[in-house]
Amino acid sequence: VDFALNLLKVPFNKSFSFLKNKMKTYHSILFLISAKIFGSDADTIPEQVHMSLASPASAETGTYSITVNWVTTDPSESELWYGLKGQSLSSYSKGSSKRYTFEYNYTSPYLHEAKMVNLTAGETYLYQCGDSTLGKSAEFEVLLPPPIGEGDAPYTFGIVGDLGQTSDSSLTIDHILEEPLPLVVLIAGDLSYADCEQDRWDSYGRLAEKATSRIPWMVSAGNHEIELEYTTGNVFVAYESRYSTPSIKEAVIVSDTPPVLRNLTSADPNLDVTIKYGDNYLKKYDCHPSKWVGTYDYGNSFYSFDVATTHVIVLNPYTSTKPDSNQYKWLSKDLASVDRKVTPWIIVVTHCPMYNSNLSHHLEFQTVVMKESMEEMFVDNRIALVVAGDVHAYERTHPA
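In the numbering used here, each residue carries its 1-based index in the sequence shown increased by 1119.
1) Between the Cα of L1305 and the Cα atoms of E1242, S1251, M1170, which residue gives the shortest distance?
2) Alpha helix (DSSP H) containing F1355: first to last residue?
3) With distance defined between alpha-carbon atoms, name the residue in V1373, T1182, A1161 nearest to D1425.
4) With a threshold of 7 Å on Cβ separation, who are the neighbours of T1192 within its own chain once the five nearest residues in sequence on each side are excluded?
5) Round the Cβ separation of D1281 and D1309 to the nearest angstrom and send it over; I've been treating them as touching at under 8 Å.
6) Please state whether the Cβ-Cβ distance between V1412 and T1438 is less than 8 Å.
7) Excluding five sequence neighbours on each side, which residues of the same chain lie with their C-beta closer than 7 Å to the C-beta of T1220?
8) Measuring CA to CA, which of V1510, E1269, A1512, L1454 is closest to M1493?
9) Closest to L1450 by C-alpha separation, out of M1496, T1239, R1361, G1241, would be which residue?
10) In angstroms, rounded to a whole number, what distance separates the CA positions of Y1223 and E1179?
11) I'd like the list of long-range same chain contacts for H1470, defined as Cβ closer than 8 Å, with 5 residues on each side in sequence excluded.
12) Taking D1250 as part of the beta strand (DSSP E), name the residues at either end of that continuous run.
13) Taking Cβ to Cβ, would you say I1334 is nearer than 8 Å to G1254?
14) Give the single residue among T1285, L1300, E1260 whose Cα lies nearest to the Cα of D1278.
15) Once DSSP output is grouped into helix, strand and coil, what is the label at L1504?
16) Looking at the structure shown, is M1170 part of a helix, part of a strand, or coil, going by DSSP?
17) Out of N1353, V1303, F1259, A1357, which one is the CA nearest neighbour of V1427?
18) Mind checking if K1204 is an interface residue toward chain D, Cβ cutoff 8 Å exclusive?
19) If you draw a straight line from the alpha carbon of S1479 to that of E1346, how long is it in whole angstroms?
20) Spatial neighbours of V1505 within its chain, please: C-beta separation below 6 Å, excluding the five flanking residues on both sides.
21) Can you find the residues in the same chain that come closer than 6 Å, C-beta to C-beta, to H1231, ignoring five residues on each side of it along the sequence?
22) Going straight from the alpha carbon of E1359 to that of H1517, what length do you get?
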């Protein structure tokens, strides 16, 4: 205690000399405290490790690719080592890292991304991420799906929506990890419920890591991912920055909030006034509006991928779904390109349910627009299953 109190009295830039002079007496304590004060590998050890399927995947070669994402507090290299289970981690990939800001008072930790490529379908791989000098993660294991187009081997999807980070969330994650493991998890929006408290993205990432480090999770955007920044008009910043998908191209996000809301202060008498802006009804500090449509195209907003005999399409009801929209045009082309001999099953994942008897979120305008624009396309292309979230209640339609 005396040592710690004396240390607190020493200016930070002189603390190393102080510690050095006291080394003989306090050598056992020195290591612990210097690690905390001067930084250690602990701040560059990867955490919040999560995977997603990536491009390229190939039916011809029977291979998949996987993107691995992780987080560090301090800057470090984005390195990835991997190999077949039972062999050395002889394959190597070097990726990149980035940070993002939110409003004017938050900067994210370092968000890393690297890719494993040419992975043999149906095999089990081990991987490790991090920095060869500053620290690596533990070794993680992942089982790849059957080859694309392979119709004989059974496989399982995990499906979850509106997960959050409560005790129930933890039980759900434990259930996902029960054997036999799903080979891919589809999450129908509303991941962390950070709701503009950006540190909660980190606590969510830590909670989910035991599952996301073992199974590829394919994300989709819900209203709790909107996280509307009224000072800038930005949306979906954390969601787009922290996750990777086999995206078509770089995200296009248009900042667009009414100036009258951007300029409101917490003391303004109009704080609780609802403003109609286009099709949206907004209030100041409404971080995750339930009824909302902006512009968030490509990136993690909408995309598709193949798993064995299934083609999965992820859609976003919170960007335009009208016939003249980028999302509608992309969906039409994507469906036309599906080879039903290779992937006869098509699953659509989106956040807002087109059919819902629960009063909560019933027929919100963005859902109605999607239904009017896209449902006929779903029927014409014989979509096998549409997975939605938002309502926090389980329902399924009765087959016709």
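Every residue, glycine too, gets a C-beta built ideally from N, C-alpha and C.
This is what the structure gives:
1) Sequence index remark: in the sequence shown, residue 1305 carries index 186 (1-based). The shortest C-alpha separation from L1305 is found at M1170.
2) The count along the sequence shown starts at 1 and reaches residue 1355 at position 236. Premise fails: F1355 is in no alpha helix (DSSP H) and is neither H nor E.
3) For this step, residue 1425 is matched to residue 306 along the sequence shown. Checked all of V1373, T1182, A1161; the closest Cα to D1425 is T1182.
4) In the sequence shown, the residue the question calls residue 1192 occupies position 73. Within the same chain, T1192 has close Cβ partners D1162, P1228.
5) Sequence index remark: in the sequence shown, residue 1281 carries index 162 (1-based). Sequence index remark: in the sequence shown, residue 1309 carries index 190 (1-based). D1281 to D1309, Cβ: 4 Å. Contact.
6) Mapped onto the sequence shown, residue 1412 falls at position 293. Mapped onto the sequence shown, residue 1438 falls at position 319. It is a contact, given that the beta carbons lie within the stated cut-off.
7) On the sequence shown, residue 1220 is found 101 positions in, with the first residue counted as 1. The answer, listed in chain order, is T1226.
8) Stepping through the sequence shown from its first residue, residue 1493 is reached at position 374. Measuring from the Cα of M1493, the nearest candidate turns out to be L1454.
9) Locating residue 1450 in the sequence shown gives position 331, where the first residue counts as 1. Checking every option, the nearest Cα to that of L1450 belongs to M1496.
10) Here the question's residue 1223 lines up with position 104 in the sequence shown. Here the question's residue 1179 lines up with position 60 in the sequence shown. Near 49 Å, if we compare the C-alpha coordinates of E1179 and Y1223.
11) Residue mapping note: residue 1470 aligns to position 351 of the sequence shown, counting from 1. G1280, A1307, G1308, D1309, S1339, A1340, G1341, N1342, N1435, P1436, Y1437, A1507, G1508, D1509, listed in sequence order.
12) Your numbering for residue 1250 matches position 131 in the sequence shown. Per DSSP, D1250 belongs to the beta strand (DSSP E) from 1243-1250.
13) Sequence index remark: in the sequence shown, residue 1334 carries index 215 (1-based). Sequence index remark: in the sequence shown, residue 1254 carries index 135 (1-based). It is not a contact, given that the beta carbons lie outside the stated cut-off.
14) In the sequence shown, counting from the first residue as 1, residue 1278 sits at position 159. Just to set this straight, residue 1278 is Ile in the shown sequence, not Asp. Measuring from the Cα of I1278, the nearest candidate turns out to be L1300.
15) Within the sequence shown, residue 1504 is the residue found at index 385, counting from 1. Strand at L1504.
16) In the sequence shown, the residue the question calls residue 1170 occupies position 51. It is a strand residue.
17) To locate residue 1427, count along the sequence shown from 1; it is residue 308. The residue asked about is misnamed: residue 1427 is Ala in this sequence, not Val. Out of N1353, V1303, F1259, A1357, V1303 has the C-alpha closest to the C-alpha of A1427.
18) Among the chains in the structure shown there is no chain D, since it carries only a single protein chain.
19) The residue you call residue 1479 lines up with position 360 of the sequence shown. The residue you call residue 1346 lines up with position 227 of the sequence shown. Their Cα atoms are separated by approximately 20 Å.
20) Here residue 1505 corresponds to residue number 386 of the sequence shown, with the count starting at 1. Correct list, in chain order: V1467.
21) The residue given as residue 1231 occupies position 112 in the sequence shown. Same-chain partners within the cutoff: W1189, S1197, S1216.
22) Position 240 of the sequence shown, counting from 1, holds the residue named residue 1359. Position 398 of the sequence shown, counting from 1, holds the residue named residue 1517. About 35 Å.
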